[in-house]
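So the structure is just underneath, and the comments pick up after that.
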Amino acid sequence: MWKKSLLAMLMFSPLTLAVEKTATPTTQPLTEVERIQLKQAWLADQQDKKQERERQRTNFLQLLALVEADKLTPPSLALATRLRESLTDYPLIEEADWALMKAKIKAMMVSENELASFIEKYPDTAKRNNLNQIPFEQLYQKQDFSALVAYGKTISATTILNQCRLFSAQYQLLAEQLQLNPELEQAKDETTESVEMVALLTQFDQFWLNNATLPSECQGIEAYWRDKGFKTTDKIKQKAVILFQQDAKKGLEDLITQSQSPELIAWLESVKTLLNQPTTLQIFVENQPLTPENKVLVLTTFPKFVKTLKEQIENPDFSRYQQWAEKWQLSATEVDSWKVSFISRLFDNVDPIFQLWRDEQLKVLKNDNLTERRLRLAINQKEALESWLELLSNEAKNKVEWRYWQAKQDPKHQHRLLSELAKERGFYPMLAAQALGQPYQVAMLQAKPLTDEQRSAWKIQLERITELRALNRLNQAKVLWIEWLQAVNFEEKLALSEWALQQDWYDLAVEGTIQAKAWDYIPLRLPNAYSDWFDMNLVDKPIPKSFAMAIARQESAWNPQVKSHANAIGLMQMLPSTAQKTAKDNLLPFQSERDLLEPFRNIMLGTTHLTELNAKYPNNRILIAAAYNAGASRVEQWLKRASGRLAFDEFIASIPFVETRGYVQNVLAYDYYYQILQGVKTPVMFTKEEVERKY
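Letter by letter, the sequence shown follows residues -18 to -1, 1 to 677 of mature numbering (1 follows the signal peptide of the UniProt record, and there is no 0).
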């Protein structure tokens, strides 16, 4: 790895570039003494540059520490500014300037001119942090309404607060122009005609309707709008429906508080109850009159209501809801959407009458999601698939999965259909090759490296990301990387991804292929990441290296700092609780979840956990991968349901969790690709244990 770092230093060294530009051919060979002197001079120069970079790096971190303190004071700002002046030519100068600017904004110590200059100098950082929204606040605080309105004509206000500031400024200017006195006007019951004011109030009317409680900045125009008769009962009901659809509970509460009519308040309270408790839909249906607003509420609530039903409810019957639909005058399309919700929730209900009704409805609804679910049930129950396959839309029929099962159902054309499928990339093409008894050959396109011209043109960007990575600021580096990738063409994305791979930035290489949608560039999509550490941790373990790496690639896309919503952490997405138990049971060190951010320790614990699962499911990557993703207890439930009747492809297709099903398929395909990339002489698509077992 140090060789690559040295190479990178050489590539981007100003001395190197200067030599490239000024060197001229010579016919005089260097003497040995001259060679030694030249080498010593170069080494000294590199040492000076290294020391300078370390000094700048230290000053940069000191600057961040100062400005990220709780409160920026004039003395700390002065110190930070002097530190900033020491960072000339430092790759992260933009990050330093942004840290200063952010602190000054927070402390309200930035002028309009400073902000405008920063936005012009660093447009990407400004856009990423919505800096063009700050002048709305600055101008509003200064009560410079003319400038605020003028600014709003060039820059759109994107937050509710800034939109209110803009509305307020427009209203104040018009009020001054028309010499309005809202209190006097209301007392005299006079109205002032103004095309501009009517247009502004009409615009505000829609703004009020589509947003929850407005900030105080809107107070003036909202009061005038209300006094002009815009705030009607019908409009309040319209807003209540919109808030209901947005699940805006606080906004609905405020709407109730602001209302005065007892009848309106009673209706709003029933709407609030329905939002908080979808189980009360029956009460709402039976007691509320048929109005456009109530109908929308009923239609919106029904899918939520159905989700509260127990899947194995006794005597499931849609006729009750059919009566509701008739009372509320639902269209045929709306009734069908109710049936889809009802069937989706109760799909696996064991009532035989319901199952017959469900299957009849599926033939009429022709909903691909439900039809695919019925196909998986048919696969699980060893039923014929033809009639269900026929119900799929053309788009769904063309999915590789259903093409595979269509081929399995068509003995006459099976060989041709499987042969065509086996030419493609992915899990089901690999299954097709397995069914044909032939090796699976997949295209692995190679990306072209960066040219010298590209390295020179992108020197600043490359050095910037290099420095962020050196400081272990991987998330910041990734943000910049994605922004950069989105600004270049397909070939340039691939060249940058190849360059990242050469730096051992595996996560950025993978991200490049994602941004480019370069699915056939498998060496970039599946880098040989942390290869030595996998080798070390897999000694005396029955887990193939290709399988362990496939798990890690699927889990994290090689991002060592990624965290899931469930708090799974790092390369192999270990839960801290699982990691702690695995470490304890296998006499391995584990202090805290921070350990999981370290690639070596994450690999150590992840591969050990795979070994534990292998003891339960020997040499069966299908079950190991499913258990790694969804837990061994769920795998046991699925095996119990299958009752030892299913072939391996049938079991995979009938895994009920969409995520786990896709996970298993990806891991098995990645495993096979990794075997090829790692030079395995005879890559194995599926093990004997996987193929011969009945699930």
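We put the beta carbon where it would ideally sit given N, CA and C, even for glycine.
Comparing alpha carbon positions, the residue from 446, 498, 192 and 286 closest to residue 467 is 498. Fully enclosed alpha helix (DSSP H) runs of no fewer than 4 residues occupy 314 to 328 of the segment 308 to 343, in order along the chain. Residue 556 is bridged by DSSP to 551.
Taken through DSSP and simplified to helix, strand or coil, residue 545 comes out as strand. Distance from the CA of residue 349 to the CA of residue 337, rounded to the nearest whole angstrom, comes to 16 Å. Per the coordinates, the alpha-carbon of residue 202 lies some 31 Å from the alpha-carbon of residue 96.
By the Cβ-count criterion, residue 43 is exposed, with fewer than 16 other Cβ atoms from all chains shown falling within 10 Å of its own Cβ. Between the segment 505 to 515 and the segment 451 to 468, the count of C-beta pairs closer than 8 Å stays below three; the two stretches do not touch. Between residue 480 and the set 572, 471 and 492, the nearest pair of CA atoms involves 492. Contact annotation: residue 456 and residue 543 have beta-carbon atoms nearer than 8 Å.
A Cβ-Cβ distance of about 5 Å is found for the pair residue 427 and residue 503, placing them in contact under the 8 Å criterion. The C-alpha of residue 599 lies about 26 Å from the C-alpha of residue 571. Distance from the CA atom of residue 124 to the CA atom of residue 131, rounded to whole angstroms, is 13 Å. Spanning the alpha carbons of residue 628 and residue 364 requires a straight line of approximately 8 Å.
Residue 490 has its alpha-carbon roughly 6 Å from the corresponding atom of residue 482.
Residue 649 places its beta carbon less than 8 Å from that of residue 536. Per DSSP, the unbroken alpha helix (DSSP H) holding residue 231 starts and ends at 231 to 240. Where residue 134 is concerned, the enclosing alpha helix (DSSP H) starts and stops at 127 to 136. Around the beta carbon of residue 419, fewer than 16 other beta carbons lie within 10 angstroms, which makes this residue exposed. Taking a cut-off of 8 Å on C-beta distances, the segment 526 to 533 touches the segment 653 to 666, as three or more cross pairs fall below it. Annotated as distal: residue 329 and residue 300, with beta-carbon spacing of 8 Å or more. For residue 446 and residue 45, the gap between their C-alpha atoms comes out near 17 Å.
By the beta-carbon neighbour count (other beta carbons within 10 angstroms, threshold 16), residue 472 is exposed. Sequence-distant Cβ neighbours of residue 68 in its own chain, meaning closer than 6 Å and more than five residues away, are 41. In the structure shown, residue 481 falls within a helical segment according to DSSP collapsed to helix, strand and coil.
The beta carbon of residue 266 sits closer than 6 Å to those of 256, all from its chain and outside the five residues before and after it, given in chain order.
Judged by DSSP in its simplified three-state form, residue 223 adopts helix. Counting along the chain, residue 539 sits inside no alpha helix (DSSP H), nor does DSSP assign it H or E at all. Judged by DSSP in its simplified three-state form, residue 123 adopts helix. By the neighbour-count criterion, in which 16 or more other beta carbons inside 10 Å mark a residue as buried, residue 140 falls on the exposed side.
Annotation: the continuous alpha helix (DSSP H) that includes residue 397 extends over 396 to 403. Selection 449, 17 and 78 evaluated against residue 32 yields 449 as nearest (Cα-Cα). With a cutoff of 8 Å on beta-carbon distance, residue 327 and residue 357 are scored as not near each other. Residue environment: residue 591 is assigned as buried (16 or more neighbouring CB atoms within 10 Å of its CB, all protein chains considered).
Residue environment for residue 528: buried (at least 16 other C-beta atoms within 10 angstroms of its C-beta).
By the Cβ-count criterion, residue 56 is exposed, with fewer than 16 other Cβ atoms from all chains shown falling within 10 Å of its own Cβ.
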